[in-house]
């Protein structure tokens with residue numbers, strides 16, 4: 260996730276985008292994971308950046324590189340025990356990229372997410388005495404927000420988390436979260452600017468009714 264955030268910001272420091280993480284999590288700790296990186300609102304600038312392969316001196320992967328990286332992700336993840344239904348997709352007209360897979364435990368989910376950024380082995384999710392926890396406090400480079408003139412654009416870029424469960428949610432730790440009427444889905448949305456200034460904003464701890 261961290262690497263995707265950094266790449267997205269490097270691509271679109273002057274335009275908007277959205278990263279959406281969706282999870283359908285079951286009581287037996289298995290579930291379905293989806294990650295969507297959506298540049299459709301700024302497709303022209305994204306296309307230009309990818310064609311130039313550089314933004315503000317930062318190297319950007321071209322279309323073939325992106326296809327190759329997604330194929331490599333599928334190949335690596337397919338070897339991880341407990342992972343199934345792996346798929347990736349890309350659309351170079353709208354610039355929407357997707358990753359989907361099913362996992363048999365949160366430990367397996369962490370292993371998969373760590374294949375995206377192999378430099379660090381992190382705990383992204385955990386079951387803490389029955390609570391579902393998301394740990395998203397990734398260290399992000401300070402130079403990403405060194406220019407105050409980028410603030411307005413980064414305020415329009417968002418990170419969204421949508422977590423659905425098979426039993427009722429009793430309590431949500433992150434005060435910015437919204438709970439659905441069914442009490443089974445937790446929604447959290449933050450803009451990139453705020454997350455860059457406080458990397459704890461996407462953290463969450465969710466407990467359930469018996």
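In my numbering, the protein residues as written are 260 to 469. Yeah, the Cβ is synthetic: ideal placement off N, Cα and C, and Gly gets one too.
Residue state for residue 414 is assigned as coil, using DSSP reduced to three classes. Taking 8 Å as the cut-off, the Cβ atoms of residue 367 and residue 373 do not count as close.
Within the stretch 354-405, complete alpha helix (DSSP H) segments of at least 4 residues are found at 365-373, given in chain order. When only Cα atoms are considered, residue 279 and residue 450 end up about 12 Å apart. A residue is called buried once 16 or more other Cβ atoms fall within 10 Å of its Cβ, and residue 382, having fewer, is exposed. Secondary structure note for residue 282: its beta strand (DSSP E) is the uninterrupted segment 277-284. Per DSSP, residue 442 has no beta-bridge partner at all.
DSSP places residue 429 in the uninterrupted beta strand (DSSP E) bounded by 428-431.
With 16 or more other Cβ atoms from the protein chains shown falling within 10 Å of its own Cβ, residue 297 counts as buried.
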